[in-house]
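> Those protein sequence lines, which keep their order, are chains A and B. Here the working numbering = 1-based position in the first sequence + 4. Here the working numbering = 1-based position in the second sequence + 4.
Protein chains: 2
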Amino acid sequence: MGKSVSKKQAVAAALSANDEESARGRLLSAATHLFCKNGINATGIDAIIHEAGTAKTTLYKLFGSKTNLVHAVLESEGKAWREWFIGAMEQGGGDAQAKLTRIFPALKSWFGEERFYGCPFINAVAEHDKDAKQFRAIALRHKKVVLSHIEKLAGEMGAADPESLAHQLALLIDGAIVAAMVSRDPAVADTAGLAAGSLFGPSKVKKPKRTAGAAQLVAV
Amino acid sequence: MGKSVSKKQAVAAALSANDEESARGRLLSAATHLFCKNGINATGIDAIIHEAGTAKTTLYKLFGSKTNLVHAVLESEGKAWREWFIGAMEQGGGDAQAKLTRIFPALKSWFGEERFYGCPFINAVAEHDKDAKQFRAIALRHKKVVLSHIEKLAGEMGAADPESLAHQLALLIDGAIVAAMVSRDPAVADTAGLAAGSLFGPSKVKKPKRTAGAAQLVAV
DNA sequence: TGCAGGAAACAGACCGTTCGGTATCCTACT
DNA sequence: AGTAGGATACCGAACGGTCTGTTTCCTGCA
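1. Taking 8 Å as the CB-CB limit, is Pro-212(B) close to chain A?
2. Just to confirm, are Gly-122(A) and Ala-130(B) a CB contact at a threshold of 8 Å?
3. With a threshold of 8 Å between beta-carbons, can Asp-178(A) be considered close to chain B, or not?
4. Check each candidate in Ala-199(B), Ile-90(B), Gln-138(B) and Asp-133(B) and name the one with the smallest Cα separation from Ile-44(A).
5. Tell me which residues share the same chain as Glu-94(B) and place their Cβ nearer than 7 Å to its Cβ, disregarding the 5 neighbours each side in the sequence.
6. For a test of the three-state rule: what should DSSP assign to Ala-2(A), helix, strand or coil?
7. Whose C-alpha, out of Gly-29(B), Ala-92(B) and His-75(B), is nearest the C-alpha of Gly-57(B)?
8. Helix, strand or coil: how does DSSP classify His-76(A) here?
9. Among the residues of its own chain, which have a CB less than 7 Å from the CB of Gln-13(A), if the five just before and after it don't count?
10. Return the residues of the stretch 122-155 of chain B that lie within a Cβ-Cβ distance of less than 8 Å from chain A, sorted by chain order.
11. Residues of the stretch 44-74 of chain A with a CB closer than 7 Å to any CB of chain B: list them in chain order, please.
12. Does the beta carbon of Ala-164(B) come closer than 8 Å to any beta carbon on chain A?
13. Run through DSSP, which three-state label would Ala-136(A) get?
14. With 16 other CB atoms within 10 Å as the buried threshold, where does Trp-88(B) fall?
15. Would Ala-223(A) count as contacting chain B if we go by Cβ distances under 8 Å?
16. What separation, rounded to the nearest whole angstrom, lies between the Cα atoms of Leu-169(B) and Ala-27(A)?
17. Report yes if the CB atom of Ala-163(B) is closer than 8 Å to the CB atom of Phe-204(B), and no otherwise.
18. Specify, as a first and last residue, the run of the alpha helix (DSSP H) that Asn-42(A) falls within.
19. Answer with buried or exposed for Asp-178(A), where buried requires no fewer than 16 other C-beta atoms within 10 angstroms of its C-beta.
20. Taking C-beta to C-beta, are Val-182(B) and Val-182(A) nearer than 8 Å?
21. Once the 5 residues before and after Gly-82(A) are set aside, which same chain residues still bring their CB inside 6 Å of it?
22. Distance cutoff 8 Å, beta carbons only. Does Gln-220(B) sit that close to anything in chain A?
23. With 16 other CB atoms within 10 Å as the buried threshold, where does Arg-119(A) fall?
24. Just to confirm before moving on: does the CB-CB distance between Leu-66(A) and Leu-31(A) stay below 8 Å?
25. Would a C-beta distance cut-off of 8 Å place Lys-112(A) and Asp-194(A) closer than the cut-off?
26. Confirm, please, whether the CB-CB distance from Ala-100(A) to Leu-157(A) is below 8 Å.
27. If the cut is a Cβ gap below 9 Å, which residues of chain A does Lys-41(B) touch?
28. Using a Cβ cut-off of 8 Å (strictly closer), state whether Gln-172(A) contacts chain B.
29. When the distance is taken between beta carbons, is Val-192(B) closer than 8 Å to Ala-200(B)?
30. Might you give, ordered along the chain, the residues of its own chain that have their beta carbon closer than 7 Å to the beta carbon of Ile-142(A), omitting 5 neighbours on each side?
31. In the DSSP assignment, the alpha helix (DSSP H) including Asp-50(A) goes from what residue to what residue?
32. Quick one, are the C-beta atoms of Leu-144(A) and Leu-176(B) less than 8 Å apart?
33. Three-state secondary structure (DSSP) at Ala-141(A)?
34. Are Arg-86(A) and Val-149(A) close, meaning C-beta to C-beta below 8 Å?
35. By the criterion of Cβ-Cβ separation under 8 Å, what are the contact partners of Met-2(B) in chain A?
36. Buried or exposed: where does Asn-72(A) fall if 16 or more other Cβ atoms within 10 Å of its Cβ makes it buried?
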C-alpha cells in the first residue's frame, strides 16, 4: 500500500479510481459488473453496495447519484477497453495490415471471457430512450476513438479509401460483438475476421506491389 | 372469433391481433412502440395502457403479465419484421445475387423511419441478464430464420461457401442495425452494402466464368 | 507514548415514489 | 342477459435517495 506517511494525497492520486481496496474502486468495479451483466435499469443500488461491500452512504458521498455512477462506469470502462483494444492491435509490431488483422483474434479472446457481456455503450443505448442523445453521444465518442485508430492504420496500409474501409471494419466489429453477446459463441469473431480479409484483401490497396496481377490496380 | 356478423368482426378476425381498433391490437402496438423506444425495463404498465387507451384490467385479462406481454410483442414484431425483410429481398425478382443486394437498401429505408429504434431482440438481450438464456434463445430463433433465407440465396448464387457468406452478411446486418441505432445515420447501410459487395463480389463464387446459369443448380 | 480529534467508511432505519399486479364496480353494446 | 372493456382504489415490494449513528484508523500534539 502506501509507501510513505506524508504523501497520502499523492498515493490517493496515483491509485486514483482503480484501487480495488478503496471504496470507490470497489463500487466502480461492482457497478461495472452488474450494469453490464444485468443491465443498468435492472440493477438496484442495493445490489451494487452489496457486491462492493460498502455502505449506501459511501456511494452517494462518492458519486452523488446513480446517474453519475453510470457515467463514471462508462467512462472508466470505455477507457480501459480502448486501451486494451488498441494495445492488442499494436502489440507485436508488424505493418499496418498485420495490426488490423489482429482485431478479430483479439475480440475472440474477449468474447471467450466469462464476464463478456457485450459492449456497454451499445447496451446502454439499447435500454434507454432512443430519442435522447445522452447515451448515444457517449457511445459515439467511444466509437470514434476506435474508428480513428483503425482509419489511421488503414491509411498506413495503403487502402484506396481508408475512411470507408475503417467504417466497414467498424461495422464488422459491432456486428461481431452483438452476435457474440446473443450467441455466446466466440467463433463469430472468426467469421468477422474472414469477412475483414475480403475487405482489405485482394485488390483493395493502392499499391499491390505489382505482384500477381496488374489488373488489381483497378481498385474499388 | 366467429366470422358471423357483418364486416367489422370479419375485419377484426382477418387482422387478428393487429386490429388497431381492438384492445389487444392497441395494447400490442403501444407496448411495441414503448418497449422499443424506451426499453422494456424502463417502460411501466401505466405508460402502455395510457398510450393504448385501455384499462389496466384489460391488459391483465388479455396478457396475464408484463412478461407475457413482452413475449407477445417480440413474437408479433419479429414475425412482422421477418416478413417485411424477406419480402423486401424477394420482391422485384432477379437472381439470387440481385436479391441479396437489396438487403442494405432495404435496411437503409428502415433506418430512416421515424420509429426506428434498433433491433428489439438485440435490445432485449442487452438489457437483461446475459447469463440467462431466455431472451438470447428468442433472439437466436429470430436470427436463424433470417440467416436461413440468406444462406439459401447465397447457395443459389453459387457462393463457394454459402453458410460462411450468410454468416458474414448477418454480421454486417447486425453491425449496421446497431450503428444506425447509435448514430441515427441511415448511411451506415451504404457502408454495409459496400462491404457486402466485397464479400460476394469478385472470386467468391464457385464458377465465376462458366456462366451464369449452370452453377445455380447447385443450390443448398 | 498516549490521547484527542477528525475523516472515511460501515450499518441500517427510513422516506416518498413507482412498480407490477389485483379487486371492485360501472358502462355500452349487441 | 351477457360480455368486453373502462375507471379507479388498492396492495406489497422494490426503487432511488436521505438520515442518524457507530466503527476504524490516521494524524497532531503534549
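Glycine included, each C-beta is placed from N, C-alpha and C at the ideal position. Bear in mind the structure is a predicted one, so any value in this text is a computation, not a measurement.
Checking against the coordinates, here is how it stands:
1. Low confidence applies to Pro-212(B): its pLDDT is 42, below 50, so where it sits in the model is not reliable, and the reading given next is rough at best. Closer than 8 Å: no.
2. yes
3. yes
4. Asp-133(B)
5. Lys-103
6. Nothing can be reported for residue 2(A), as the shown portion of chain A is limited to 5 through 224.
7. Gly-29(B)
8. Note that residue 76(A) is Ala in the sequence shown, not His. Reduced to three states, the DSSP call for Ala-76(A) is helix.
9. Its pLDDT being 29, under 50, Gln-13(A) is placed unreliably by the model, and the measurement read from it follows with that caveat. Nothing meets the Cβ criterion.
10. Gly-122, Phe-125, Ile-126, Asn-127, Val-129, Ala-130, Glu-131, His-132, Asp-133, Lys-134, Asp-135, Arg-140, Ala-143, Leu-144 and Lys-147
11. Asn-45 and Ala-46
12. no
13. coil
14. exposed
15. Reliability fails at Ala-223(A), whose pLDDT of 35 lies under 50, so the model's placement of it is uncertain and no value is given.
16. 49 Å
17. yes
18. 27-42
19. buried
20. yes
21. His-146
22. Confidence at Gln-220(B) is low in this model, with a pLDDT of 40, below 50, so the placement of that residue should be treated as unreliable; the coordinate-derived value is given next. Answer no: the Cβ-Cβ gap between Gln-220(B) and chain A never drops below 8 Å.
23. exposed
24. yes
25. yes
26. yes
27. Asp-133, Lys-134 and Asp-135
28. yes
29. no
30. Leu-78 and Phe-125
31. 49-56
32. no
33. helix
34. yes
35. Residue 2(B) is absent from the structure shown; chain B starts at 5 and stops at 224.
36. exposed
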